[in-house]
Every structure is written in C-alpha cells, then in structure tokens.
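Beneath this line is the structure, given in structure tokens, with notes to follow.
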Amino acid sequence: MGDSQYSFSLTTFSPSGKLVQIEHALTAVGSGQTSLGIKASNGVVIATEKKLPSILVDESSVQKIQCLTPNIGVVYSGMGPDFRVLVRKSRKQAEQYHRLYKEPIPVTQLVRETAAVMQEFTQSGGVRPFGVSLLVAGYDDNGPQLYQVDPSGSYFSWKASAMGKNVSNAKTFLEKRYTDDMELDDAVHTAILTLKEGFEGQISGKNIEIGIIGSDKKFRVLTPAEIDDYLAEVE
Amino acid sequence: MSKAAVDLPPKGGFSFDLCKRNDMLAKKGLTGPSFRKTGTTIVGLIFQDGVILGADTRATEGPIVCDKNCEKIHYMAPNIYCCGAGTAADTEAVTDMVSSQLQLHRYHTGRESRVITALTLLKKHLFSYQGYVSAALVLGGVDCTGPHLHTIYPHGSTDTLPFATMGSGSLAAMAMFESKYKEGLSRDEGIQLVVEAICSGIFNDLGSGSNVDVCVITKGHKEYLRNHLLPNPRTYINEKGYSFPKKTEVLMTKITPLKERVEIIETGDAMEE
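One line per chain: the protein sequences are D and Y, in this order.
First residue of the first sequence? That's 833 in my numbering, and the numbers climb one at a time after it.
First residue of the second sequence? That's -5 in my numbering, and the numbers climb one at a time after it.
In structure tokens form, the structure reads like this:
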C-alpha cells in the first residue's frame, strides 16, 4: 500500500487523504472490549464487558465506567490508561466551567471540550492520538443525551451505539431492538441482551459493568447485586 | 501544549507592578478606595455529635452597611463548611477555589473529603500570598476521623480548637464561649450557645449586625439554618405608605413634528468593484 510510506508521522496526510495514525487508533479501539450505550425516553444506560486478564485480578478494584460530573458518566473501548488521562482532563474542564459560570456544564459542552483535547493530540508534534473511543451519557436541561467521541476528535449524538470487538453484531441487534419510547428499565434489559450476544463464557454481575442516569439527573454505576437482579429478569 | 479551553488567570503570587505608583499617589495625598469587608462575628464549636458554625449577616464598606443579609457560611464539601471574615471578595474567591479543588480530589480518590485537606489547601494558598488575601476563616466539618474545627489567619497560620471565634466581634463572642462552653454539649445547647455568642457580637460590635446564620454538621448529615434568628426586625414602617405631592403642574402641551433636515443628492461615480 502506498499509504504505508506515510504512516510514520501523525501530522502528515497520506495521498488518499487519510491520517493513517488515526486509522490505527480506530483499530486499537476495535480490538478493545465491547461497550454500548442506549438513550431511553427518561434516561441513558451505558454498559461494558469487564473481562480481566486473569482470575487473580481483584475485580472490585477495576471500574471502567466513570462519572465526570454528578449528571454525566462515561465508558470506553480501547486502551485503559488513555481513558484515565481523558477522564482526568474532562473532570477538570467540567469543574473549571462550573467555577466560571456557576452552572453545571451542559453535556454538549463537555463533549465538545473533550473532543477538542483528543483532536489536539492528532495535530501536535511528538504525541500520538488517544487509543480510545468514548461513550458519554448525560442528563441535563436538554433531556437525556448519548455521545460517541472517536480518537480523531469527531463526535456524534446517538440514540444507541456500540464500540469495540463485537461492534457490527451489537449494532445490528440494537437497530432491531431500539424503539423511541423505550423506558430506562427496558433499555437496561436491551443493553444486557446486546452484551450477551457476543459474550464468551457465563455472564454475571461480576464481569459486566452498567451505569445509568435517570430523570433524577444522578449518574450511578450499578452494584454487582443489582446487575444480577436485572440478569435474572432477562432470563 | 494543550491549552485549557477556559483561560485561567496567570499562575504565580501577587503582582507588585503597581505598588510604586500607589506609594507615589499616597504621598501626594490620594486616599485609596475602600473595599467591602465583612466586619463580622464568626464562631464555631464542637459538640457531642459534630460541629456547629455560626455567623452574623452584615457586610460593611467603611462606615456603610452595604449588605444587611449576606451569607458568610460558605460550602466547601458536603461535610465541610467554612465561615469567612475579612474582605468579602477574598473569602468568597478562596473558599470557592478550594471547594472546586476538593471536588476534583473526591472524584480522583472516590472518598469523602477530609477537613484537614481543606485546611492544608487553604493555608498553602493564603501563605503564598503573604497576607495580602485578607481572609480569616473558621473551618469546620465531620469526616471519617471525627469532627474538626480550625481557624485560619490571613497570613496562613492555623489553630485547631474545640471552640473558636474570628472577626471584629470575636472578643464579644469569645467572652460568651469562655464562660459557657463545656465538652459534650447537646445539639440544642450547642445551637443556643452559638446564637448567644453571635448575638453578643451583633449587639456589641459595630462591624457585625442583622441576623444569625447557623450550620450544624454531623456524621453523614448537615443542616444549614439560614437566618436562624432575626433579632433586628425593621420596625416603625408607616402602614399607610408614603405619598408625595406632584412637583410640577402641566399647563400646556404643544407637539411640533420635526421635518426632514437632510437632503440626499446622488452625484459622483458608483464605487468601483
């Protein structure tokens, strides 16, 4: 491929008009663990697989879904360390916005600022793009919202989306199952079923993580016990 | 390399650029502008289940009361509150900034904030400004290690005490505490004592006045009693209201429409493209 000559430097376009490093970053995302998000009429749910490299890892110390503000949460597919850095930056930006305007940051603003950070790392010298795609779930004055942010810095608002290993199957499943008037509980069940589709092994509250935000505008991660309850309902 | 989306003020300590100019103006006899201070009586005490903070509500600009009902008990964290005396802008800005830092710290650690953390962040900031940030604070809260009460002076020194007062009314309030404080007070006794101390400041100190605010913090619970006591109601209001006679009588009304004074004459070439 002629493109391979241009894949060494991030800041150089290839003749076909692509930035090859970003393509590689998307490949890194595509080989990460599946995660998905669904926007319901009265809330948003995000979920991810939590497959640990060994049974010896203490799974209660790993939390893939993080909250950025009391009413915005985020999940990722791709490289965990890159995610931690982005979460730290986003939290700081949300807090700075709050200090300046004395209002909680709207979801679109936070997504825009996070995407701007990710874009910076595609146009600076000596850095590489982030190897994560984010799913940002929030509930503010404009209602429930779900955004996906890619390593290039582009973001879109989704009704339902998936990323990572099983993305094509998951998206097909979501397209079939999604309805506009879905409630939050139905959305959680649909999320679990979608994860179950491509899951290797026995699904349980210990190897998936689910975060929800409802009309109370408080993002929270479900406990393993609550996830087991939902799993029992789905059976 | 990565710029913050929101422009922050430049880092570093106080900028001494204008000090020479101020000295020169002062020598020539120009008195600087006065600023809004919270004359203030602020108090805190530790009771059997936690901490009670109290404050008056008068803000002064020199001899003028500029705010009769201001809020001097500032939120720092869900389990930590801070009373501020001194320059109102300084106390508000510094408590706001540390409250923001504590929130970020809570996200990163996943734990409840500790009073000692707020104390250290505040004293670091105040010390680095060498007393120019005129904020005298009474910081109180309940965390996993128990109830704590501290005072912080504008130069950055701190004290840890079972009962504390700050502000211009601090002597009047301390007199009440010294005579009536004992360990193991109940909630009602504690609130009663705090109210007495603040009232003594309100009535005996010109820089303090108006109402009493109280904040009770216990393990896992807080109660912010805004205007818990209003010992200075506005009396002597004329119930009939006030009516003022008309000042000038209209004798005659004449309206003259103004004609168009400007004539537009089109000459010259059109503008070249």
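Just so it is clear, CB atoms sit at the ideal spot from N, CA and C, and this is done for glycine as well.
(request) Below 6 Å CB to CB, which residues in the same chain sit around D:Ala857 once its five sequence neighbours on both sides are set aside? (result) Short of 6 Å from the beta carbon of D:Ala857, and not among the five residues preceding or following it, lie these beta carbons of its own chain, in chain order: Pro961, Gly963 and Pro983.
(message) What does the alpha-carbon distance come out to for the pair D:Val1053 and Y:Gln186?
(response) Pairing D:Val1053 with Y:Gln186, the inter-Cα distance amounts to about 42 Å.
(message) Using the Cβ count rule (16 or more neighbours within 10 Å means buried), how would you classify Y:Ala(-2)?
(response) At Y:Ala(-2) the pLDDT is 47, less than 50, meaning the model places this residue with poor confidence and gives no usable figure here.
(request) Identify the continuous alpha helix (DSSP H) that holds D:Thr1026 and give its terminal residues. (result) Taken as a continuous stretch (DSSP letters only), the alpha helix (DSSP H) holding D:Thr1026 covers Leu1016 to Glu1029.
(message) Run through chain D and tell me which residues come within less than 8 Å of Y:Asp90, C-beta to C-beta.
(response) Within 8 Å of the CB of Y:Asp90, the CB atoms of chain D belong to Arg931, in sequence order along the chain.
(request) Please list the partners that Y:Leu98 has in chain D, where partner means a Cβ-to-Cβ separation under 7 Å. (result) One finds Arg923, Lys924 and Glu927 in chain D with Cβ atoms closer than 7 Å to the Cβ of Y:Leu98, taken in chain order.
(message) According to DSSP, D:Gln898 sits in a beta bridge with which residue or residues?
(response) The partner list for D:Gln898 (beta bridge, DSSP) reads D:Val906.
(message) What does the alpha-carbon distance come out to for the pair Y:Leu19 and Y:Thr25?
(response) In a straight line, the C-alpha of Y:Leu19 is about 8 Å away from that of Y:Thr25.
(message) Using C-beta distances below 8 Å, list every residue in its chain close to D:Ser1077, excluding the 5 sequence neighbours before and after it, in chain order.
(response) This structure gives no information on residue 1077 of chain D, because the portion of chain D shown stretches from 833 to 1067.
(message) What are the residues in the segment 149 to 169 of chain Y lying within 7 Å of chain A by C-beta distance?
(response) Looking for chain A here will not work: the only protein chains present are D and Y.
(request) Examine chain D for any beta-carbon lying closer than 9 Å to the beta-carbon of Y:Ser107, and answer yes or no. (result) No, Y:Ser107 does not count as interfacial toward chain D.
(request) Under 6 Å Cβ to Cβ from D:Ala1019, same chain only, skipping five residues before and after it: list those, please. (result) The beta carbon of D:Ala1019 sits closer than 6 Å to those of Ile870, Ala872 and Val877, all from its chain and outside the five residues before and after it, given in chain order.
(request) Just the C-alpha distance for Y:His142 and Y:Ile74, rounded to the nearest angstrom, thanks. (result) Going by the C-alpha atoms only, they are around 9 Å apart.
(request) Could you work out which residue in Y:Cys13, Y:Gly235, Y:Tyr147 and Y:Thr242 is closest to Y:Gly76 when comparing CA atoms only? (result) Here the sequence assigns Cys to residue 76 of chain Y, which means Gly is not the residue at that position. If we check each option's Cα against that of Y:Cys76, Y:Tyr147 comes out closest.
(request) Could you name the residues of chain D that Y:Tyr101 contacts, counting a contact when the two beta carbons are closer than 7 Å? (result) Correct list: Arg923.
(request) Report the rounded CA-to-CA distance for D:Thr844 versus D:Ile897, giving the unit in angstroms. (result) Those two C-alpha atoms are separated by around 34 Å.
(message) Please confirm whether D:Leu900 has its beta-carbon closer than 9 Å to some beta-carbon of chain Y.
(response) Yes, because at least one Cβ of chain Y sits closer than 9 Å to the Cβ of D:Leu900.
(message) Quick check: what's the CA-CA separation for Y:Glu55 versus D:Ile1042?
(response) Cα to Cα, Y:Glu55 sits roughly 54 Å from D:Ile1042.
(message) Excluding the 5 residues flanking Y:Glu86 on each side, which residues of the same chain have their C-beta closer than 6 Å to its C-beta?
(response) Hits under 6 Å: none found.
(message) I'd like the ranges of any beta strand (DSSP E) spanning at least 3 consecutive residues and lying wholly in the segment 156 to 242 of chain Y.
(response) The segment 156 to 242 of chain Y contains, as complete beta strand (DSSP E) runs of 3+ residues, the segments 157 to 160, 206 to 212 and 215 to 223 (chain order).
(request) Starting from the beta carbon of Y:Ser94, find every residue of chain D whose beta carbon is closer than 9 Å, and list them in chain order. (result) Per Cβ cutoff of 9 Å: Glu927, Gln928, His930 and Arg931.
(message) I'd like to know whether the C-beta of D:Arg920 is nearer than 9 Å to at least one C-beta of chain Y.
(response) Judged by the 9 Å Cβ criterion, D:Arg920 is in contact with chain Y.
(request) Grab me the residues of D:Asn903's own chain with a C-beta within less than 7 Å of its C-beta, minus the 5 sequence neighbours each way, in chain order. (result) Close CB contacts of D:Asn903 within its chain, under the 7 Å cut and outside five residues either way in sequence, are with Pro936, Gly970, Tyr971, Asp972, Ile1045, Lys1049, Lys1050 and Phe1051 (chain order).
(message) Can you check which of these residues, Y:Met160, Y:Ala167 and Y:Glu260, is closest to Y:Gly195 by C-alpha distance?
(response) Among Y:Met160, Y:Ala167 and Y:Glu260, the Cα nearest to that of Y:Gly195 is on Y:Ala167.
(message) Could you check whether D:Met995 and D:Val861 sit closer than 9 Å to each other, using their CB atoms as the reference points?
(response) Yes, the Cβ-Cβ distance between D:Val861 and D:Met995 is below 9 Å.
(request) Rank Y:Met91, Y:Thr212, Y:Glu243 and Y:Gly134 by C-alpha distance to the C-alpha of Y:Phe157 and give the top, closest one. (result) That would be Y:Gly134, whose Cα lies nearest to the Cα of Y:Phe157.
(request) Count the CB pairs spanning the segment 912 to 925 of chain D and the segment 943 to 963 of chain D that are closer than 8 Å, and state whether there are at least three. (result) Flag = yes, the segment 912 to 925 of chain D and the segment 943 to 963 of chain D touch.
(message) Do Y:Val92 and Y:His144 have their beta-carbon atoms positioned less than 9 Å apart in this structure?
(response) Not in contact: Y:His144 and Y:Val92 (Cβ atoms no closer than 9 Å).
(message) Can you tell me whether D:Gly1073 is buried or exposed? The criterion is at least 16 other CB atoms within 10 Å of its CB, across all chains shown.
(response) No statement about residue 1073 of chain D is possible, as the shown extent of chain D runs from 833 to 1067 and does not include it.
(message) Short of 8 Å in beta carbon distance, which residues of its chain neighbour D:Lys882, apart from the five on each side in sequence? Order them along the chain.
(response) Excluding sequence neighbours, D:Lys882 sits near Gln865, Glu891, Val894, Lys896, Lys1038, Asn1039, Ile1040 and Glu1041.
(request) Could you check what DSSP says for Y:Ile110 in three-state terms: helix, strand or coil? (result) It is helical.
(message) Assess contact between the segment 174 to 186 of chain Y and the segment 97 to 109 of chain Y, defined as three or more Cβ pairs (one per stretch) separated by less than 8 Å. Is contact present?
(response) They do not touch, by the three-pair rule.
(request) Counting only the same chain and skipping the five closest in sequence on each side, list residues whose C-beta sits under 6 Å from that of D:Leu884. (result) Hits under 6 Å: Glu891.
(request) Consult DSSP for D:Val917 and reduce its assignment to one of helix, strand or coil. (result) In the structure shown, D:Val917 sits in a helix (DSSP, three-state: H, G or I).
(request) Please work out which residues of its chain come closer than 8 Å, Cβ to Cβ, to Y:Glu106, disregarding the five sequence neighbours upstream and downstream, and give them in chain order. (result) If we look at Y:Glu106 and ignore the five residues flanking it on each side, its Cβ neighbours are Ala71, Pro72, Asn73, Arg100, Asp137 and Cys138.
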